[in-house]
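Asks: In this note's numbering, the protein residues as written are 25 to 296.
Even for Gly, the Cβ is constructed at its ideal location relative to N, Cα and C.
Here it is, the structure in full.
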Amino acid sequence: MAVNAGDARMRWRAVQIQSSAKSDVGQVREQNEDSFVADGALGLFVVADGMGGHQGGQMASRLAVETIAAVITRRHAEVRAAAVMNPLESVAVPRILADAVRTACSTIYEASQDDPALHGMGTTVTSLLVEGGRAFVAHVGDSRCYLQRGERVIQITDDHSLVNEQIKAGLITPEQGRASRLKNIITRSVGFERDVAVDTFALLIQPGDRFLLCSDGLANFVDDTEIGLALAQGPLQEVPDRLISLANERGGDDNITVVCLSADDSAPSSVS
Numbered sequence: 025m026a027v028n029a030g031d032a033r034m035r036w037r038a039v040q041i042q043s044s045a046k047s048d049v050g051q052v053r054e055q056n057e058d059s060f061v062a063d064g065a066l067g068l069f070v071v072a073d074g075m076g077g078h079q080g081g082q083m084a085s086r087l088a089v090e091t092i093a094a095v096i097t098r099r100h101a102e103v104r105a106a107a108v109m110n111p112l113e114s115v116a117v118p119r120i121l122a123d124a125v126r127t128a129c130s131t132i133y134e135a136s137q138d139d140p141a142l143h144g145m146g147t148t149v150t151s152l153l154v155e156g157g158r159a160f161v162a163h164v165g166d167s168r169c170y171l172q173r174g175e176r177v178i179q180i181t182d183d184h185s186l187v188n189e190q191i192k193a194g195l196i197t198p199e200q201g202r203a204s205r206l207k208n209i210i211t212r213s214v215g216f217e218r219d220v221a222v223d224t225f226a227l228l229i230q231p232g233d234r235f236l237l238c239s240d241g242l243a244n245f246v247d248d249t250e251i252g253l254a255l256a257q258g259p260l261q262e263v264p265d266r267l268i269s270l271a272n273e274r275g276g277d278d279n280i281t282v283v284c285l286s287a288d289d290s291a292p293s294s295v296s
């Protein structure tokens, strides 16, 4: 995608990415059905929490992260060109990232049709792509992405879960939702059907921003405030171990995956 004369005032912002990631089986499960990508060079970070039995869950999450990484690698030049375009609302990168998730969805679905033992498998996908001073998110399921900015931590994805729908409808409180026996029921997943609706959005990165992606094995035991404190008090390399240990101390009844990153500005330069 060429930059034309009308883009001369556009500023390109590079960011230096540091990241840390870890996945843990937890205290109860025999196998880890989570998968993740933490590729600073590509600017791609993904957490996938598989479902459909040990074999199916592992395969679904693995196929998801491998497929998304392959699509973004293949289209990286397109992503880099599109990421710096203005206005932000019309940038094509969220669509490219959603295409990658939907490709993963069809890949998982086709694999499940070829093997009866894998029928019904699926996975959550929460993906973050950092390019050109901007962060792009594509999300399905109840894994989460958090942004820690200054003294605030914000969950920037919306859980596709039965409990979250009940909370938004005013049927239960958030406190009741955390204790609900239905909290593991998700309303949208990648691979259970041939296609899926993908939530996407983009935001400008500010100096000092930190992001955290996690499976619900963390979010079910560690609250937003504790996640924010861990991110703010770093060092970043210690955050996954610190949060996983906390979740395990409180029961660890699911696999736990934590991917965190910081995005710090480099000196910007004019594009002409």
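Roughly how many angstroms lie between the CA atoms of residue 122 and residue 197, to the nearest whole one?
Replies: The residue given as residue 122 occupies position 98 in the sequence shown. The residue given as residue 197 occupies position 173 in the sequence shown. Taking the straight line from one Cα to the other gives about 31 Å.
Asks: Work out the CA separation of residue 239 and residue 252 for me, nearest whole Å.
Replies: Reading the sequence shown from its first residue, position 228 is the one you call residue 252. Reading the sequence shown from its first residue, position 215 is the one you call residue 239. Approximately 16 Å, taken between the alpha carbons.
Asks: Work out the CA separation of residue 281 and residue 46 for me, nearest whole Å.
Replies: Looking up residue 46 in the sequence shown gives position 22. Looking up residue 281 in the sequence shown gives position 257. If I take the Cα positions, the gap works out to 6 Å.
Asks: Can you tell me whether DSSP reads residue 145 as helix, strand or coil?
Replies: As a first step, residue 145 must be located in the sequence shown, where it is residue number 121. In this structure, residue 145 counts as coil in the three-state DSSP scheme.
Asks: Check this for me: beta carbons of residue 279 and residue 53, under 8 Å apart or not?
Replies: Here residue 279 corresponds to residue number 255 of the sequence shown, with the count starting at 1. Here residue 53 corresponds to residue number 29 of the sequence shown, with the count starting at 1. Between residue 279 and residue 53, the CB-CB gap stays under 8 Å.
Asks: Distance, Cα to Cα, residue 249 vs residue 180?
Replies: Residue mapping note: residue 249 aligns to position 225 of the sequence shown, counting from 1. Residue mapping note: residue 180 aligns to position 156 of the sequence shown, counting from 1. Using only the alpha carbons, I get a separation of about 14 Å.
Asks: Across which residues does DSSP place residue 75 in a beta bridge pair?
Replies: Translated into positions along the sequence shown, residue 75 becomes position 51. Residue 75 pairs with 146.
Asks: Let me check one thing: in DSSP terms, what residues is residue 177 bridge-paired to?
Replies: Position 153 of the sequence shown, counted from the start, is the residue given in the question as residue 177. Paired residue(s): 172.
Asks: Using 8 Å as the threshold, is the C-beta distance between residue 44 and residue 177 below it?
Replies: As a working mapping, residue 44 is identified with position 20 in the sequence shown. As a working mapping, residue 177 is identified with position 153 in the sequence shown. Against a cut-off of 8 Å, the Cβ pair of residue 177 and residue 44 comes out as no contact.
Asks: Quick one: is residue 82 buried, meaning 16 or more other Cβ sit within 10 Å of its Cβ, or exposed?
Replies: As a working note, residue 82 is residue 58 in the sequence shown. When all chains shown are included, residue 82 counts as buried.
Asks: Could you tell me the distance, in whole angstroms, from the CA atom of residue 150 to the CA atom of residue 89?
Replies: Translated into positions along the sequence shown, residue 150 becomes position 126. Translated into positions along the sequence shown, residue 89 becomes position 65. Each residue's alpha carbon lies about 10 Å from the other.
Asks: Using DSSP bridges, identify the partner residues of residue 210.
Replies: The residue you call residue 210 lines up with position 186 of the sequence shown. For residue 210, which the question treats as bridged, DSSP gives the partners 185.
Asks: Please specify which runs of the beta strand (DSSP E), each continuous and at least 3 residues long, are wholly inside the segment 233 to 262, giving them in chain order.
Replies: 233 to 238
Asks: What residue range is occupied by the uninterrupted beta strand (DSSP E) comprising residue 222?
Replies: Taking the first residue of the sequence shown as position 1, residue 222 is located at position 198. Here residue 222 belongs to no beta strand (DSSP E), and DSSP marks it neither H nor E.
Asks: For the alpha helix (DSSP H) holding residue 138, just list the boundary residues, first then last.
Replies: Looking up residue 138 in the sequence shown gives position 114. That run of the alpha helix (DSSP H) goes 117 to 138.
Asks: Cβ of residue 125 within 8 Å of Cβ of residue 103?
Replies: For the purposes of this step, residue 125 is taken as the residue at position 101 of the sequence shown. For the purposes of this step, residue 103 is taken as the residue at position 79 of the sequence shown. Not closer than 8 Å, so no.
Asks: Please name the residue or residues paired with residue 61 in a DSSP beta bridge.
Replies: The sequence position of residue 61 within the sequence shown is 37, counting from 1. Beta-bridge annotation (DSSP): residue 61 is paired with 70.
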